[in-house]
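In terms of my numbering, the sequence shown is residues 3 to 63.
To start, the structure under review is shown below, and the notes come after it.
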Amino acid sequence: EQNQKIRIFLARLSGRQQKRGKLESAPAILAGLSILLNTLQLLSEYSIDELNEIAAIALGT
């Protein structure tokens, strides 16, 4: 149950499309894991305010 939730979360985080009813693919899970690890690294290096400022600049707002 918990493993399935994590697989679904990582596949969704990867942004890859999947066919309905198919299990999450290993490449999608690994891509999602990579994104998660990079995000956690960023959160440890920058404050939320700094990240919001960077996002505002990147989005032109």
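Cβ coordinates follow ideal geometry from the N, Cα and C atoms, glycine included.
Given the structure is predicted, the values throughout are model-derived calculations rather than measurements.
Simplified DSSP assignment, three categories, for residue i
i: Leu-25; result: coil
i: Glu-3; result: coil
i: Ser-16; result: helix
i: Ser-36; result: helix
i: Ser-49; result: coil
i: Gly-63; result: Gly is not the amino acid found at residue 63; the sequence shown has Thr there. DSSP places Thr-63 in coil when its eight states are reduced to three.
Anticipated Cβ contact below 8 Å, residue i with residue j, distance rounded
i: Gln-20; j: Ala-33; result: Contact doesn't hold; Cβ gap of about 12 Å is too wide.
i: Leu-61; j: Leu-38; result: Between Leu-38 and Leu-61 the Cβ distance is about 22 Å, and since that is not below 8 Å, they are no contact.
Nearest residue (CA-CA) to residue i, options the options
i: Ser-27; options: Gly-62, Ser-49 and Arg-9; result: Arg-9
i: Gly-17; options: Tyr-48, Leu-35 and Ala-57; result: Leu-35
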